[in-house]
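Report on the structure given below.
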Amino acid sequence: MIMEPDTSDILSCFQKRRAFVLWAVATGLTSAGGIVLIVLLKPALPIRMLAVALPLGCCVAFTVQLLRDFARLDELQVRILLEAAATACLGVFFAVNLYPIFRFAGFVGELQPYWVLLLLIGLFLFGSFNAKRRYR
Amino acid sequence: MRNTLRVLRAEREWSQADLATRLGVSRQTVNAVETGKYDPSLPLAFGIARLFSKRIEEIFLPDGEAGAR
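Residue numbers (our numbering), protein chains in the order written: chain A, 8 to 143; chain B, 9 to 77.
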C-alpha cells in the first residue's frame, strides 16, 4: 500500500496520530493489570497465559502502528528520527557497558529494567530535539 | 552545497509551505534545504528540478562554485 507522505511539521505526524499512543497506554495498562492479576489472584495457567498475551499483543500493535507512521515521514523527518534512535541506542550501549564499573565502585545500585527504559526514552527525546534544532 | 531554491520560490511567489505541498515534503525540509542545512536526496533534487523546469546543476551548486544566490 502506498501512503501519502506527511507534509506537515517535523514529527508532527506523531502529534496528529493518536493510535500508537493508545496502543502504548494499552500495553502499560494490560501489563500492570496482568501483574496485579497474577500476583494477587494466582490464577490458573490459561488465565496467566492470557495475562501475558494481552500486553504482548498490544506491544506488537504499537510497533506496527509506529512503523506505519514512520513510512509516512519525509526524508528529513526520517533522518531526524534515525539520529534520535542512534543517540538512544549508543547511550544505552555505553550505559550498559559502563554499568559494571560504576556498580563495583559503589556509585550505583542494582540496575532496574525501568531505568534502562527511562534512559532510552530520555536519550531518544534528547536526540530528536537536538537534531530538530540543528535542521531548523 | 548551495542552491537557488529560495530565489526560484520567490520568483513564483510561493511560500515554503506551498513548495512543500508541491514536493510532498514537510515545510521544515524545504527550509532546511533552502538554508543549506540539509542536502536533499536525489529523488527530491530531481523533483525540485522538475518542478522548476531546470536541471539539477542549475539549482544546486557545490560550496566552492560561484553563481549560486
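For every residue, glycine included, the Cβ atom is placed at its ideal position computed from N, Cα and C.
Where the alpha helix (DSSP H) through residue i begins and ends
i, result
"Pro107 (chain A)", "Glu82 to Ala112"
"Thr70 (chain A)", "Leu52 to Phe77"
"Pro70 (chain B)", "No alpha helix (DSSP H) holds Pro70 (chain B); DSSP gives it neither H nor E."
"Ser38 (chain A)", "Ala26 to Val43"
"Thr29 (chain B)", "Gln24 to Leu31"
"Ser49 (chain B)", "Looking at the DSSP string, Ser49 (chain B) is not in any alpha helix (DSSP H), and its letter there is neither H nor E."
"Ser135 (chain A)", "Pro120 to Arg141"
"Leu13 (chain B)", "Leu13 to Glu19"
"Arg63 (chain B)", "Note, Arg63 (chain B): premise wrong, no alpha helix (DSSP H); not H, not E."
"Thr43 (chain B)", "Element bounds for Thr43 (chain B): n/a, residue is neither H nor E."
Within chain A, partners of residue i - CB distance below 8 Å
i, result
"Ser23 (chain B)", "None at all; the shortest Cβ gap to chain A is about 13 Å."
Interface partners of residue i on chain B, CB under 8 Å
i, result
"Glu82 (chain A)", "Val33, Thr37, Pro48, Ser49 and Leu52"
Spatial neighbours of residue i in its chain, beta-carbon cut-off 6 Å, leaving aside the 5 residues before and after
i, result
"Asp47 (chain B)", "Met9"
"Arg17 (chain B)", "Leu27"
"Gly129 (chain A)", "none"
"Gly55 (chain B)", "Leu31"
Per-residue burial, residue i [other beta carbons within 10 Å of its own, 16 or more giving buried]
i, result
"Gly134 (chain A)", "buried"
"Leu27 (chain B)", "buried"
"Asp71 (chain B)", "exposed"
"Val32 (chain A)", "exposed"
"Gln119 (chain A)", "exposed"
"Leu48 (chain A)", "exposed"
"Val37 (chain B)", "According to the sequence provided, residue 37 (chain B) is Thr. The question's Val does not apply to it. Classification for Thr37 (chain B): buried."
"Phe69 (chain A)", "buried"
"Ser34 (chain B)", "buried"
"Ala112 (chain A)", "exposed"
Contact list for residue i against chain A, beta-carbon separation under 9 Å
i, result
"Lys45 (chain B)", "Arg141, Tyr142 and Arg143"
Proximal residues to residue i (C-beta, below 7 Å), its chain only, five neighbours per side dropped
i, result
"Ala40 (chain B)", "Tyr46"
"Val59 (chain A)", "Gly41"
"Pro62 (chain A)", "Thr34, Thr37, Ser38 and Gly41"
"Ala57 (chain B)", "Arg63, Ile64 and Ile67"
"Met8 (chain A)", "Here the model assigns Met8 (chain A) a pLDDT of 41, short of 50, so the residue's position is not dependable and the matter cannot be decided."
"Ala95 (chain A)", "Leu127, Leu130, Phe131 and Gly134"
"Trp30 (chain A)", "Cys65, Ala68, Phe69 and Gln72"
Contact set between residue i and chain A, taken where Cβ atoms lie within less than 7 Å
i, result
"Ala40 (chain B)", "Leu83 and Tyr142"
Residues near residue i in its chain [Cβ-Cβ closer than 8 Å; skip 5 each side]
i, result
"Phe77 (chain A)", "Val85 and Leu88"
"Ile17 (chain A)", "At Ile17 (chain A) the pLDDT is 48, less than 50, meaning the model places this residue with poor confidence; the figure from the coordinates comes in the next sentence. Closer than 8 Å at the Cβ level, and outside the excluded window around Ile17 (chain A), lie Leu83, Gln84, Ile87, Lys139 and Tyr142."
"Gly44 (chain B)", "Met9, Arg10 and Asn11"
"Glu42 (chain B)", "Asn11, Leu13, Arg14, Arg17 and Gln24"
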